[in-house]
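Please read the structure below before turning to the comments.
Residue numbers (this note's numbering), protein chains in the order written: chain E, 1 to 59; chain Z, 1 to 229; chain D, 1 to 246.
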């Protein structure tokens with residue numbers, strides 16, 4: 001295990017590379033999901049406002 | 001009716017002549033970029049060392065970085081005033097192909113911003129320890145290079161017309177696109193200063209100029225129309 | 001004719017929204033499997049390179065990132081051209097969605113290239129042809145995103161940035177050529193070599209898996225981002241009301 005982490009002496013270059021790759025992948029997933037969540041939330045709110053406006057007009 | 005229509009070459013000529021005349025009335029628009037160029041060039045000896053051998057090594061780099069930055073600075077004035085007073089809108093409505101009119105405008109801009117740099121470049125080169133035989137290549141390369149920069153820059157200037165922040169954004173857009181000019185121009189100058197044949201990079205610069213001159217006005221025209229929408 | 005109607009149907013926002021929503025797992029799950037398998041293969045089963053030792057394992061994230069950053073730019077430019085010519089908002093949305101993804105992978109490629117270069121060259125940064133043109137590609141992305149954010153009006157941002165993307169994509173080969181030309185004058189061969197026929201299958205297969213996985217991941221991310229863009233752009237459309245009830 002220790003040998004695997006050491007990567008033949010190159011561990012301190014290999015692991016940060018993979019760490020950064022993981023960070024970039026996760027950032028991409030997180031930011032895309034956050035955009036989607038915000039957009040959905042926004043759309044729901046607008047639809048709710050529109051619906052309550054319509055109700056008031058009927059009343 | 002036929003008396004009112006203008007032929008396309010004549011319209012382009014009128015645009016060119018108007019821009020030249022305006023520039024001669026507002027002279028600082030022409031002189032400021034050159035002064036800026038000379039100031040940038042004087043920064044290098046101060047930052048590096050007054051040692052002639054070192055300066056001679058970076059002479060081509062100084063001339064080209066200076067030329068690139070000062071032609072970026074000059075781009076600000078390409079469309080801004082014409083947008084403010086409505087001239088640009090008139091050009092789009094004139095019924096003439098906008099790309100050709102913008103070609104004329106950019107040509108005027110190149111004459112007004114590029115030619116002064118061509119004249120100033122040998123003085124910078126002399127101050128960096130260059131000798132006379134490189135001047136032909138130096139001036140040709142600066143002339144070709146500033147032409148490419150003007151035409152690429154006209155697209156960038158047109159794109160940033162309608163946006164909130166102008167000049168820094170313009171540099172961000174144009175600088176990466178201008179790098180081939182820097183590479184070929186500096187290389188040609190460097191070769192000439194070492195007394196080697198510099199035809200290769202000069203031809204590449206010329207090819208770049210032809211490509212940019214044929215394509216960029218169309219992109220500028222599209223960008224101006226978008227900005228004025 | 002059939003493809004044309006299909007194209008039109010797909011470019012209608014509600015239809016796209018539904019289809020893309022269904023497609024996401026079909027991209028995301030294979031992407032996850034391929035990336036995990038490829039990286040496992042690259043880190044564990046692939047033998048060490050005879051020249052570069054274990055350091056070559058960085059290729060399994062570096063090369064796919066380089067590919068993705070270039071592919072994103074191409075996608076962005078093609079989508080921008082489609083959007084500009086046929087005035088399709090979805091294409092603009094795809095262009096806008098691709099930029100941050102491509103920029104993030106360009107950055108990943110740069111930093112992993114630097115980490116790879118440190119033991120190989122002995123410096124963190126070498127003005128090597130590949131890395132330099134990757135750096136310029138990263139700058140092109142930054143310019144594109146800066147231009148987009150400088151416009152308040154979405155339609156104008158779309159159209160102006162589309163012109164920039166097209167101008168940029170015409171320039172990318174010129175920039176590549178000039179940087180390589182410049183580089184070949186100043187130094188010898190590059191240390192980072194991409195996989196060629198010389199690579200044994202035990203090294204190559206994980207690399208190909210990573211390439212495929214990253215590409216599929218891009219497809220999934222683009223679907224999510226374009227869907228969000230569609231929701232934002234269509235905020236006044238009636239088909240969104242159903243979503244509010246649902």
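Where a beta carbon is used, it is the ideal one built from N, C-alpha and C, also for glycine.
In this text the structure is predicted, and so the values were computed from the model without any measurement.
Asked: Within its chain, find whatever has a CB closer than 6 angstroms to the CB of residue 143/Z; leave out the 5 residues flanking it on each side and keep chain order.; Found: 118
Asked: How many Å lie between residue 38/Z and residue 72/D at the Cα?; Found: 41 angstroms
Asked: Under a CB-based cut-off of 7 angstroms, is residue 20/E close to chain D?; Found: yes
Asked: On the three-state DSSP scale, how would you describe residue 49/D?; Found: strand
Asked: Given this structure, state the Cα-to-Cα distance separating residue 73/Z from residue 9/E, to the nearest angstrom.; Found: 49 angstroms
Asked: Report yes if the C-beta distance between residue 188/Z and residue 201/Z is below 7 angstroms; otherwise report no.; Found: yes
Asked: Compute the distance between the beta-carbons of residue 111/D and residue 20/E, then report whether it is under 7 angstroms.; Found: yes
Asked: So with Cβ pairs under 7 angstroms, would you call residue 53/E a contact of chain D?; Found: no
Asked: Of all the options 62/Z, 211/Z and 50/Z, which has the alpha carbon lying nearest to the alpha carbon of residue 151/Z?; Found: 211/Z
Asked: What residue ranges within the region 94-156 of chain D form continuous alpha helix (DSSP H) runs of no fewer than 4 residues, ordered along the chain?; Found: 129-150
Asked: Answer yes or no: does any C-beta atom of chain Z fall closer than 7 angstroms to that of residue 41/D?; Found: no
Asked: Hey, how far is the Cα of residue 166/D from the Cα of residue 174/D?; Found: 13 angstroms
Asked: Residues of chain D with a CB under 7 angstroms from the CB of residue 46/E: which are they?; Found: 235
Asked: What is the rounded straight-line gap between the Cα of residue 207/D and the Cα of residue 59/D?; Found: 8 angstroms
Asked: Measure the Cβ-Cβ separation of residue 174/Z and residue 112/Z and say whether it is below 7 angstroms.; Found: no
Asked: Does the CB of residue 53/D have a neighbour CB from chain E at under 7 angstroms?; Found: yes
Asked: In its own chain, which residues sit with a C-beta less than 8 angstroms from the C-beta of residue 35/D, not counting the 5 before and 5 after it?; Found: 209, 210, 213, 214 and 217
Asked: Within a Cβ cutoff of 6 angstroms, which residues of the same chain sit near residue 162/Z, ignoring the five residues on either side of it in sequence?; Found: 227
Asked: Reducing DSSP to helix, strand and coil, say where residue 196/D ends up.; Found: At residue 196/D, the pLDDT of 48 sits below 50, so the modelled position is not reliable; the number obtained from the coordinates is stated separately. If DSSP states are grouped into helix, strand and coil, residue 196/D belongs with coil.
Asked: Whole angstroms is fine: what's the gap from residue 104/Z's alpha carbon to residue 147/Z's?; Found: 13 angstroms
Asked: Assign residue 221/Z to one of three DSSP states: helix, strand, or coil.; Found: helix
Asked: Return the CA-CA distance between residue 192/D and residue 55/D, expressed in angstroms with no decimal places.; Found: Confidence in residue 192/D is poor, its pLDDT being 48 and thus under 50, which makes the residue's placement unreliable; the coordinate value appears in the next sentence. Using only the alpha carbons, I get a separation of about 11 angstroms.
Asked: Smallest Cα separation from residue 248/D: which of 236/D, 233/D, 235/D and 224/D?; Found: Limits of chain D in this structure are 1 at one end and 246 at the other, which puts residue 248/D out of reach.
Asked: Can you tell me which of the three DSSP states residue 64/D falls into?; Found: helix
Asked: Compare the beta carbon distance of residue 118/D and residue 124/D with 7 angstroms and say whether it is the shorter of the two.; Found: yes
Asked: By the 8 angstroms beta-carbon criterion, what residues does the region 102-126 of chain D contribute toward chain E?; Found: 104, 105, 107, 108, 111, 112, 115, 116, 118 and 119
Asked: Can you tell me which of the three DSSP states residue 56/E falls into?; Found: helix
Asked: To the nearest angstrom, how far is the alpha carbon of residue 141/Z from that of residue 124/Z?; Found: 15 angstroms
Asked: With DSSP run on the structure shown, which of helix, strand or coil describes residue 88/D?; Found: coil
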